[in-house]
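Trainee: One structure, as structure tokens, below. Some questions next.
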Amino acid sequence: MDRLTVDTTQRGFRDVFFSHGWRVAFSNTDGLGNTKDTVHKMERHMETEEAFVLLQGTVHLVTAGTEDFPQELTSLQLEPNSVYIIRRGEWHVAVFEEESSVLIIENEAESYSISFTLTPEMRRTINTLC
Numbered sequence: 004m005d006r007l008t009v010d011t012t013q014r015g016f017r018d019v020f021f022s023h024g025w026r027v028a029f030s031n032t033d034g035l036g037n038t039k040d041t042v043h044k045m046e047r048h049m050e051t052e053e054a055f056v057l058l059q060g061t062v063h064l065v066t067a068g069t070e071d072f073p074q075e076l077t078s079l080q081l082e083p084n085s086v087y088i089i090r091r092g093e094w095h096v097a098v099f100e101e102e103s104s105v106l107i108i109e110n111e112a113e114s115y116s117i118s119f120t121l122t123p124e125m126r127r128t129i130n131t132l133c
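Just so you know, the working numbering puts 59 at position 56 of the sequence shown, and the rest follows in order with no gaps.
As structure tokens, then:
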């Protein structure tokens with residue numbers, strides 16, 4: 004058995020482990036766009052699902068349907084000991100509070116993703132939801 008230790012003092016997204024086209028990644032507050040005050044884009048992956056597991060703190064998954072452009076924004080606060088699946092083609096963004104972190108499990112095919120820059124109204128909505 005191998006054991007990997009994640010340095011949780013580093014900020015942002017980083018890969019932890021790869022195997023047969025899948026990866027485990029770690030993400031926490033990075034100060035560049037993943038808090039409710041700085042969030043600026045959503046994305047969707049067109050070829051694969053993505054899973055989130057809360058490790059620490061408070062993280063909301065904001066989703067907005069599967070249409071060509073994000074639709075109504077909804078938010079779900081992640082709970083420990085649960086796996087949250089974002090379906091292929093679903094608009095989403097993880098919104099972090101300080102000192103929060105998640106594990107992300109995804110297929111490397113997620114690299115084919117589409118980003119959408121949030122409008123000021125959408126940013127206000129996310130700020131209210133989270």
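Note that the Cβ used here is the ideal one computed from N, Cα and C, for glycine as well.
Note that the coordinates shown come from a computational prediction; the quantities given were computed from them, not determined experimentally.
Contact between the segment 81-97 and the segment 6-15: three or more CB pairs below 8 Å?
Mentor: Cβ pair count under 8 Å is below three, so no.
Trainee: Just to confirm, are residue 32 and residue 103 a CB contact at a threshold of 8 Å?
Mentor: Indexing the sequence shown from 1 puts residue 32 at position 29. Indexing the sequence shown from 1 puts residue 103 at position 100. In contact: residue 32 and residue 103 (Cβ atoms closer than 8 Å).
Trainee: Is the segment 46-66 in contact with the segment 78-91, if contact means three or more CB pairs nearer than 8 Å?
Mentor: Yes, since at least three Cβ pairs between the segment 46-66 and the segment 78-91 fall closer than 8 Å, the two stretches touch.
Trainee: Skipping 5 residues on each side, what residues in its chain have a beta carbon closer than 6 Å to that of residue 15?
Mentor: Within the sequence shown, residue 15 is the residue found at index 12, counting from 1. Result list for residue 15: 33, in chain order.
Trainee: Measure the Cβ-Cβ separation of residue 116 and residue 6 and say whether it is below 8 Å.
Mentor: Counting from 1 along the sequence shown, the entry for residue 116 is found at position 113. Counting from 1 along the sequence shown, the entry for residue 6 is found at position 3. Cβ atoms of residue 116 and residue 6: not closer than 8 Å.
Trainee: In terms of residue numbering, what span does the beta strand (DSSP E) encompassing residue 17 cover?
Mentor: The residue given as residue 17 occupies position 14 in the sequence shown. Segment 16-22, the beta strand (DSSP E) holding residue 17.
Trainee: Skipping 5 residues on each side, what residues in its chain have a beta carbon closer than 6 Å to that of residue 99?
Mentor: Counting from 1 along the sequence shown, the entry for residue 99 is found at position 96. Excluding sequence neighbours, residue 99 sits near 32, 37, 38 and 62.
Trainee: For residue 111, which of helix, strand or coil comes out of DSSP?
Mentor: Working through the sequence shown from its first residue, we reach residue 111 at position 108. Residue 111 falls in the helix class under three-state DSSP.
Trainee: Where do the N-terminal and C-terminal ends of the beta strand (DSSP E) with residue 127 fall, by residue?
Mentor: Start at 1 with the first residue of the sequence shown, and residue 127 comes out as number 124. Element bounds for residue 127: not the beta strand (DSSP E) but the alpha helix (DSSP H), 123-132.
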